[in-house]
Amino acid sequence: MKRLAGLTLTAVLLASASAAWDAYGHRTITYLALKGLPAEAPAWLRSPETADRVAFQSNECDRWKGWPRDSLHHINKPDHYLDVELLENFGLTLETLPRLRREYVKAMAISKYVHPEMAGPYDAKRDPARTQEWPGFALHAIDENYAKLQATFNEIRILEQLNDPRRATQLRQARENAIFHMGLLAHFVADVAQPLHTTKHHNGWVGDNPKGYVAARGIHHAVDSAPASLGLTVESLAPLVKYDAKPNADDPWDDVMEYLRRSHALVETVYRLERDGQLDKEPGRKLIEQRVCDAASMLSALYWGAWTSSKPTEKQVADWVRYNDFDAEARLRARSAHE
71 MKRLAGLTLT AVLLASASAA WDAYGHRTIT YLALKGLPAE APAWLRSPET
121 ADRVAFQSNE CDRWKGWPRD SLHHINKPDH YLDVELLENF GLTLETLPRL
171 RREYVKAMAI SKYVHPEMAG PYDAKRDPAR TQEWPGFALH AIDENYAKLQ
221 ATFNEIRILE QLNDPRRATQ LRQARENAIF HMGLLAHFVA DVAQPLHTTK
271 HHNGWVGDNP KGYVAARGIH HAVDSAPASL GLTVESLAPL VKYDAKPNAD
321 DPWDDVMEYL RRSHALVETV YRLERDGQLD KEPGRKLIEQ RVCDAASMLS
371 ALYWGAWTSS KPTEKQVADW VRYNDFDAEA RLRARSAHE
C-alpha cells in the first residue's frame, strides 16, 4: 500500500509538470467564465457554491494523471493537447481534421500504414499507456464535453419543466452532473489557451533552431505557473475580459478551431519572450493576461451556448418521461404483492 501511495505521489508530481496552467490558473479561468454568465442565467448556475464546485472540478482530469493506471492515462492524457505541426505527418491539416474522434484515429492509422515514412519514429516500448503515437485530441475533447453538457442541461430543463416534487432528487443529481461536465469542459478549453498545448515544441524547442530558442525542459512549467507567479487574480483580470466570444451554440467546432489557431499563433512569441528574458516581465504578463482572458471569454460563451441550445422539445420531454418511467418500480412491487 505504501508503494502504491508513493507511485501515486510521484505520478501527481510528474503530471503537474506537464499540465496546462496549474490548478490556480484553471480555477481562475473558470471563475472568470462564470462571472460572464448573463443575468438571465438560472440562479443555481450563477451561485457562489456552483462556482466553487465547478472551479474545483476544472482540475479533475489533471488529478487523474496522478493515478497509476495505463488505461486511464491512455484515454485522458492525449485529450489535453493538439500538436498542430504533427498533423502533417498523417496527411492532415486543421482544415481536414475529421470531426469524429474515431474517424480521426482511423485516418491517421491508414496514413501511417500507407506512408510509414511520414509518421516519424515511435517506440511503443517506451510508451506503455500508448499516449504519444498521435498528435492529440484537445479539439475533440472540447467538442465531446460540450455535447455532454448540452445533453445534461437538456435533462435539467426537462425536469424543471415537469416540476414534479417526486423528481426533486433527480433534478438535484442532474445539476450535479452538469457541474461535473462544466468542470471538464473548463479544463480542456483552458488547456487550448496555453500556446504550448498546441505544438510539438511543448516543453523546449525541437528540431532546427536558428533563432536560439530554449531547448531544455522547463518553459512549459514557467507558462503554466505564470498566473500565480505574476500575481494575476480573478479581481485583477475581470475588468480585462471582454466576454466577446460568439461561438455557434448548436455546434461550436469551427469557433473552437479558430480559438485554437489564435493560441497556436503565439507559440513562437512565448519562446521569444523566454529567450529575451521577458516571460516574467511586463511583456510576458500581457501575454498571459491575454491568454487567460481569451479562455474565460470562450468558456463563458460555451457555458451559455450549451444552456440556450438545450431547450427541450415536446418530443424530448415525452421520450424522457417514457424512458425514465418513475412508476415502474411501484407497479412491480404492487404486482409482486398480489401474486
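In the working numbering, the protein residues as written are 71 to 409.
The beta carbon of each residue, even a glycine, is placed where N, CA and C say it ideally should be.
Roughly how many angstroms lie between the CA atoms of A335 and L142, to the nearest whole one? Counted from its first residue, the sequence shown places residue 335 at position 265. Counted from its first residue, the sequence shown places residue 142 at position 72. Each residue's alpha carbon lies about 31 angstroms from the other.
Which same chain residues, not among the five before or five after D149, have their C-beta less than 6 angstroms away from its C-beta? Here residue 149 is taken as the residue at index 79 of the sequence shown, counted from 1. Non-local beta-carbon contacts of D149 in its own chain, meaning distances under 6 angstroms to residues more than five positions away in sequence, involve F207, A211 in chain order.
Measure the Cβ-Cβ separation of V326 and L266 and say whether it is below 8 angstroms. Residue mapping note: residue 326 aligns to position 256 of the sequence shown, counting from 1. Residue mapping note: residue 266 aligns to position 196 of the sequence shown, counting from 1. Contact flag unset, no.
Going by C-alpha to C-alpha distance, which of H272, L369, E158, A111 sits closest to D213? For the purposes of this step, residue 213 is taken as residue 143 along the sequence shown, with counting starting at 1. It is L369.
List in chain order: all unbroken beta strand (DSSP E) runs of 3+ residues lying wholly within the region 155 to 208. Fully enclosed beta strand (DSSP E) runs of 3 or longer: not present.
Alpha carbon to alpha carbon, how far is L104 from R116? Give it in angstroms, no decimals. Position 46 of the sequence shown, counted from the start, is the residue given in the question as residue 116. Position 34 of the sequence shown, counted from the start, is the residue given in the question as residue 104. For R116 and L104, the distance between alpha carbons rounds to 7 angstroms.
According to the Cβ coordinates, are S379 and A315 closer than 8 angstroms? Within the sequence shown, the letter at position 309 stands for residue 379. Within the sequence shown, the letter at position 245 stands for residue 315. No, Cβ-Cβ distance for S379 and A315 is not below 8 angstroms.
In whole angstroms, what separates the C-alpha of L167 from that of G253? Here the question's residue 167 lines up with position 97 in the sequence shown. Here the question's residue 253 lines up with position 183 in the sequence shown. Cα to Cα, the separation comes out at about 26 angstroms.
When you compare each of I228, V304, K351 to Y393 by their alpha carbons, which one comes out closest? In the sequence shown, residue 393 corresponds to position 323, counting from 1. Of I228, V304, K351, the residue nearest in Cα terms is I228.
I'd like to know whether the C-beta atoms of W374 and P112 end up nearer to each other than 8 angstroms. Numbered from 1 along the sequence shown, position 304 holds the residue referred to as residue 374. Numbered from 1 along the sequence shown, position 42 holds the residue referred to as residue 112. Contact flag unset, no.
Output yes or no for whether 8 angstroms exceeds the beta carbon distance between Q264 and A388. Position 194 of the sequence shown, counted from the start, is the residue given in the question as residue 264. Position 318 of the sequence shown, counted from the start, is the residue given in the question as residue 388. Taking 8 angstroms as the Cβ cut-off, Q264 and A388 do not qualify as a contacting pair.
For a test of the three-state rule: what should DSSP assign to H272, helix, strand or coil? To locate residue 272, count along the sequence shown from 1; it is residue 202. The answer is strand: DSSP assigns H272 an E or B state.
If we ignore side chains and look at the alpha-carbon of each, how far apart do G347 and E384 end up? Counting from one through the sequence shown, the residue named residue 347 turns up at place 277. Counting from one through the sequence shown, the residue named residue 384 turns up at place 314. Cα-Cα distance, rounded: 60 angstroms.
Kindly indicate which three-state DSSP category L152 falls into: helix, strand or coil? For this step, residue 152 is matched to residue 82 along the sequence shown. In this structure, L152 counts as strand in the three-state DSSP scheme.
Can you name, in chain order, every residue of its own chain whose Cβ lies under 7 angstroms from the Cβ of A371, other than the five neighbours on each side? The residue labelled residue 371 in the question sits at position 301 within the sequence shown. Within the same chain, A371 has close Cβ partners A315, K316, P317.
Which one of W323, A298, N129 has the shortest CA to CA distance from A217? If you number the sequence shown from 1, residue 217 lands on position 147. A217 has its Cα closest to that of W323, out of W323, A298, N129.
6 angstroms CB neighbourhood of P186 in its chain, flanking five on each side removed: To locate residue 186, count along the sequence shown from 1; it is residue 116. For P186, where only same-chain residues beyond five positions count, there are no Cβ hits under 6 angstroms.
How many Å lie between A121 and N159 at the Cα? For the purposes of this step, residue 121 is taken as the residue at position 51 of the sequence shown. For the purposes of this step, residue 159 is taken as the residue at position 89 of the sequence shown. Near 41 angstroms, if we compare the C-alpha coordinates of N159 and A121.
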